[in-house]
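A.B. asks:
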Amino acid sequence: MTKALLLATLALVPAIATGQTPPMAPDTVAEYQRVRPQADYIRREVMIPMRDGVKLFTVIVMRKGTKNGPILLSRTPYDAGKATWRNGSQKIEDILPVMDKEFVNDGYIRVYQDVRGLGKSEGDYVMNRPLRGPLNDTAVDHATDAYDTIDWLVKNVPESNGKVGITGSSYLGFTSLMALIDPHPALKAAVPQSPMVDGWMGDDWFHNGAFRLPGFDYFTDQMARKNDGDVPYGIGDDYDAYLDAGSAGDFARLYGLDAFAVTRKMMEHPSYDSYWQEQAVDKLLGARKLTVPTMLVVGQWDQEDSYGAPAVYRALEPQDTNNDMVSLVIGPWRHSGVNYEARELGQVQVKGDTGLQFRRDYMKPFLDRYLKDGAPQTPTPPVLTYATGADQWQVTPKWPMGTPTPVYLQGSFGLSWSKPDGGSDTYISDPAKPVPFVPRPVHLRENDVWRTWLVHDQRFVESRPDVLTYTSAPLDKPVHIMGAPKVDLWAATSGTDSDWVVKLIDVSPDGSELPIGIEIFRGRYVRSFEKPEALKPGKAENYHWSLPNVNHVFEPGHRLMVQVQSSLFPLYDRNPQTFVPNIFNAKPGDYRKATQTIYHDAAHPSAVWLPVVGE
1294 MTKALLLATL ALVPAIATGQ TPPMAPDTVA EYQRVRPQAD YIRREVMIPM
1344 RDGVKLFTVI VMRKGTKNGP ILLSRTPYDA GKATWRNGSQ KIEDILPVMD
1394 KEFVNDGYIR VYQDVRGLGK SEGDYVMNRP LRGPLNDTAV DHATDAYDTI
1444 DWLVKNVPES NGKVGITGSS YLGFTSLMAL IDPHPALKAA VPQSPMVDGW
1494 MGDDWFHNGA FRLPGFDYFT DQMARKNDGD VPYGIGDDYD AYLDAGSAGD
1544 FARLYGLDAF AVTRKMMEHP SYDSYWQEQA VDKLLGARKL TVPTMLVVGQ
1594 WDQEDSYGAP AVYRALEPQD TNNDMVSLVI GPWRHSGVNY EARELGQVQV
1644 KGDTGLQFRR DYMKPFLDRY LKDGAPQTPT PPVLTYATGA DQWQVTPKWP
1694 MGTPTPVYLQ GSFGLSWSKP DGGSDTYISD PAKPVPFVPR PVHLRENDVW
1744 RTWLVHDQRF VESRPDVLTY TSAPLDKPVH IMGAPKVDLW AATSGTDSDW
1794 VVKLIDVSPD GSELPIGIEI FRGRYVRSFE KPEALKPGKA ENYHWSLPNV
1844 NHVFEPGHRL MVQVQSSLFP LYDRNPQTFV PNIFNAKPGD YRKATQTIYH
1894 DAAHPSAVWL PVVGE
């Protein structure tokens, strides 16, 4: 056989005869094990059974060699699998969220679970699933699911010490609070962060009756089983997209959002009826005995859930006779910013990474105290807040700390501590030209816009004729406030309904305007949140509501500023300024211009009451 013939013959021999993979071997594998033997962690995926037979997908992560470790649980609608695989890596710090580093490096067992009906969990999903009772005729809710989960974990995770803490932000803050209702005996501590507590009063869906339009994107992104994602209204100016659609209800119907039960529930309950009242977590917890030490956390500029944590603190604090069971933390953060690097927020600069400072110096010692065997019994600050302006953490025995002190709107658009001696100012509010909440073009979905809008320099609206601006003289000494400023506004409208927006602003010597608090109030609720009424044209009404809780120092040379307007769009839906039973169903002809009058006289002394503390 010649050499050429031999080579040709060998080429015809099947590849398997030479130990090679056949060319037509299928290239797919049933499963690839992402966690390799060299990984420094253990990652388990389990389905935990609930009392009704539904199983919830749960991921358990710990460092190899962990023994007698406390469990730190989070119950999420945002995919437990992804939360525990942030990056493909064999290092535990890489796969878990940033905030978990300090815990897993000190023997904690980290557990994430998909709430029922989402992710890989079984069952039906209901937004903010109500507690068993009038709104929930089933035998299960987030309280029972947390109980059953904890019960399973302490019995089936041999590396644990049988003690469990629960934490998480936003929806995860809500599920953390729900775990405190009839809690499992093994639940020893809770750190709810920016929790969704009352969706009508001041968290995600409404603020004092005004509907928050970005919620529509949340519904489609979270609840569409197929073709999920944002509402497909395009990539132009969101201001135009919402304005052109008409009412919030028209927008929902235009894009088929009324196919979502949650949308219909919002539209069917525009006022603070039993649907909202019986879901309010602060009310649920306030009616029960507090048995689990709880640290409530919120950002001073939380653009989504500024209301919840302070509301729960107010509900629970009367039970805390020794001032050691419930604490409140307010940091210089955006929504959920506590769990990330937090050195700045828009124009706000702070000293160092305040998120890390809190997690390392306060949150972890708090959890260690109750969860780790033999840990130091470090006292927990009753209240911990970050003083913006002074740029430092401060510990106080209670909240609020300040004495309510009015700063009054004055003639010639002044602002001072003296009572006003007369006058009023007017502007035309036109629903066809609502005041934008950030400069146009508005792109709500961009993180740089959404996360920082509460600290955006307000000079962009000062030239508008439908925004009134009242400014003090430069301060000759610091003004330190610790609490929630209270709006005390005397106003009238030529229409039969109106929204009122008030902003408290810190004006620097260079002219930049830092919002300290911004909040809206829907006028029809001036007498009752449950039963709205038409306003009487031209009648001065006294409106009361709160701005978000803050710890802030207005420095000498700075000026106080208050702005008043009647829209904040498209963050909130437009008020037609004509009373209709349900604003979701307002017709184009209902939207009318109105003359708005802001009073500042002896009989109608409009003011913002600041919680001032002595220096």
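Read in order, the letters of the sequence shown correspond to residues 1294 to 1908 in my numbering.
For glycine and all other residues, C-beta sits at the position ideal for the given N, C-alpha and C.
1. Beta-carbon within less than 7 Å of P1563's beta-carbon, same chain only, minus the 5 sequence neighbours each way: which residues are those?
2. Use the C-beta contact count for Q1593: other C-beta atoms within 10 angstroms, 16 or more gives buried, fewer gives exposed.
3. Just to confirm, is the Cβ distance from L1366 to L1428 under 9 Å?
4. Let me know if M1340 comes out buried or exposed under the rule of 16 or more other beta-carbons within 10 Å of its beta-carbon.
5. Which word fits I1528, buried or exposed, when buried means at least 16 other C-beta atoms lie within 10 angstroms of its C-beta?
6. Does the contact criterion of 3 or more C-beta pairs under 8 Å hold for the region 1619 to 1636 versus the region 1508 to 1516?
7. Between L1828, E1812 and Y1892, which lies nearest to V1873 when the distance is taken from Cα to Cα?
8. Which two residues bound the contiguous beta strand (DSSP E) that contains K1481?
9. Starting from H1435 and walking both ways along the alpha helix (DSSP H), at which residues does that stretch end?
10. Where DSSP assigns a beta bridge to P1904, which residues make up the other side?
11. Could you have a look at S1453 and say whether DSSP puts it in helix, strand or coil?
12. CA-CA distance, D1894 and P1841?
13. Hey, I1364 and Y1401: beta-carbon distance below 9 Å or not?
14. Put I1309 into one of helix, strand or coil per three-state DSSP.
15. I'd like to confirm the pairing. Which residues does DSSP put opposite M1775 in its beta bridges?
16. Counting C-beta neighbours from all protein chains within 10 Å, is the total for V1688 16 or more, i.e. buried, or is it exposed?
17. Mapping DSSP to helix, strand and coil, what is D1551?
18. Pull up the DSSP beta-bridge partners for V1728, would you.
19. Please say whether I1385 and R1356 have beta carbons closer to each other than 9 Å?
20. Below 8 Å CB to CB, which residues in the same chain sit around Q1502 once its five sequence neighbours on both sides are set aside?
21. Among D1497, Q1650 and W1686, which has the Cα closest to the Cα of D1598?
22. Strictly by DSSP, which residues pair up with G1426?
23. Compare the Cα-Cα distances from D1393 to each of I1459, T1431, D1345 and Q1870 and report the closest residue.
24. Have a look at L1299 and G1312 and give me their C-alpha separation to the nearest angstrom.
25. In terms of DSSP beta bridges, what is E1338 paired with?
26. DSSP on R1636, reduced to helix/strand/coil?
27. Under a Cβ-count criterion, where at least 16 other Cβ atoms within 10 Å of its own Cβ denotes burial, should M1559 be classed as buried or exposed?
28. With respect to the alpha helix (DSSP H) encompassing D1575, which residues constitute its N-terminal and C-terminal limits?
29. Rounded to the nearest angstrom, what separates F1350 and V1322 at their Cα positions?
30. Please report the residue range of the beta strand (DSSP E) in which R1368 lies.
31. Measure the CB-CB distance between T1888 and S1722 and report whether it falls below 9 Å.
32. Candidates R1425, Y1892, K1832 and S1567: which alpha carbon is nearest Y1763's?
33. State buried or exposed for F1862, treating a residue as buried only when at least 16 other CB atoms are found within 10 Å of its CB.
34. Between which two residues does the alpha helix (DSSP H) harbouring L1536 extend?
35. Considering only residues of the same chain and omitting the five flanking positions on each side of P1265, which have a CB-CB separation below 8 Å?
36. Using only the alpha-carbon positions, how far apart do H1500 and L1747 sit?
C.D. replies: In terms of the structure at hand:
1. Correct list, in chain order: N1875, I1876 and F1877.
2. Burial of Q1593 is indicated by the presence of at least 16 other C-beta atoms within 10 angstroms of its C-beta.
3. It is not a contact, given that the beta carbons lie outside the stated cut-off.
4. Exposed, by the Cβ-count rule.
5. By the neighbour-count criterion, in which a residue is buried when 16 or more other Cβ atoms sit within 10 angstroms of its Cβ, I1528 is exposed.
6. Under the three-pair Cβ rule at 8 Å, the region 1619 to 1636 does not count as touching the region 1508 to 1516.
7. Proximity to V1873 across L1828, E1812 and Y1892 peaks at L1828, based on C-alpha coordinates.
8. Boundaries of the beta strand (DSSP E) harbouring K1481: L1480 to Q1486, taken from the DSSP string.
9. Looking at the DSSP string, the run of the alpha helix (DSSP H) that includes H1435 is H1435 to N1449.
10. As computed with DSSP, P1904 is found in a beta bridge with P1697.
11. Of the three classes helix, strand and coil, the one that applies to S1453 here is strand, per DSSP.
12. Answer to the nearest angstrom: the Cα atoms are 26 Å apart.
13. Yes; because the gap between Cβ atoms is below 9 Å, this pair is in contact.
14. In this predicted model, I1309 has a pLDDT of only 48, less than 50, meaning its place in the structure is not dependable; the value taken from the coordinates is given anyway. In this structure, DSSP gives I1309 a helical state, which the three-state scheme calls helix.
15. Looking at the DSSP assignment, M1775 forms a beta bridge with N1844.
16. By the neighbour-count rule (16 or more Cβ atoms within 10 Å), V1688 is not buried but exposed.
17. Helix.
18. None; V1728 has no bridge partner.
19. Contact flag set, yes.
20. Residue identity differs from the one stated: residue 1502 is Gly in this sequence, not Gln. The answer, listed in chain order, is W1493, P1563, S1564, Y1565, F1814, R1815, R1817, Y1818, F1822 and P1825.
21. Comparing Cα-Cα distances from D1598 to each of D1497, Q1650 and W1686, the minimum goes to D1497.
22. Per DSSP, N1429.
23. Minimum Cα distance to D1393 is reached at I1459.
24. Low confidence applies to L1299: its pLDDT is 49, below 50, so where it sits in the model is not reliable, and the reading given next is rough at best. Using only the alpha carbons, I get a separation of about 19 Å.
25. Bridge partners of E1338: V1352.
26. If DSSP states are grouped into helix, strand and coil, R1636 belongs with coil.
27. Buried is the call here.
28. From DSSP, the alpha helix (DSSP H) with D1575 extends over V1574 to G1579.
29. Each residue's alpha carbon lies about 23 Å from the other.
30. Here the beta strand (DSSP E) through R1368 covers G1362 to T1369.
31. Yes; because the gap between Cβ atoms is below 9 Å, this pair is in contact.
32. In this structure, Y1892 is the residue among R1425, Y1892, K1832 and S1567 with its C-alpha nearest to the C-alpha of Y1763.
33. The residue is buried, with at least 16 neighbouring Cβ atoms inside 10 Å.
34. In the DSSP assignment, L1536 falls within the unbroken alpha helix (DSSP H) covering D1531 to A1538.
35. Beyond the ends of the chain as shown, which are 1294 and 1908, falls residue 1265; an answer cannot be given.
36. Within the model, the alpha-carbon separation for H1500 versus L1747 is close to 15 Å.
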